[in-house]
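Residue numbers (this note's numbering): 159 to 293.
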């Protein structure tokens, strides 16, 4: 019973750290997107499908970059290996969506990564690369 509780706690801690790592990657992408939005004013709104896949690709690139800094798992693999592949992108997507909603309420301009689908795609791309290459 104690071993199962310890495994559950380690799984939760791993999930929290993975969400924080993905959220940090999205924060960097958010800053870059804001800088690009200030420099380039697009004539028309970008295609949402293309943007979704671009965010997933950028997430995979960020995941590969995180392997340089953290080449090993942050924690020992738990018995529920791979569960963070869905949970952490969902939590990260909700976090960025909440951040975007906060900015909208304050009358600020939001960028696409501050919505759930694009944030989820970025975090999912990052999680897949980390799951495949760190395991």
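We treat Cβ as the ideally placed atom computed from N, Cα and C, and that holds for glycine. Quantities reported herein were computed from a predicted structural model and do not represent experimental measurements.
Cutting at 7 Å between CB atoms, please list the residues of its own chain near residue 209, excluding the five before and the five after it. 270 and 276
When DSSP labels each residue in this structure, what does residue 264 get in the three-state scheme? coil
Closest by C-alpha distance to residue 246, when choosing among 168, 181, 260 and 206: 181
Would the stretch 273-287 count as touching the stretch 220-229 if we require 3 or more Cβ pairs under 8 Å? yes
Is the beta carbon of residue 259 less than 8 Å from the beta carbon of residue 213? no
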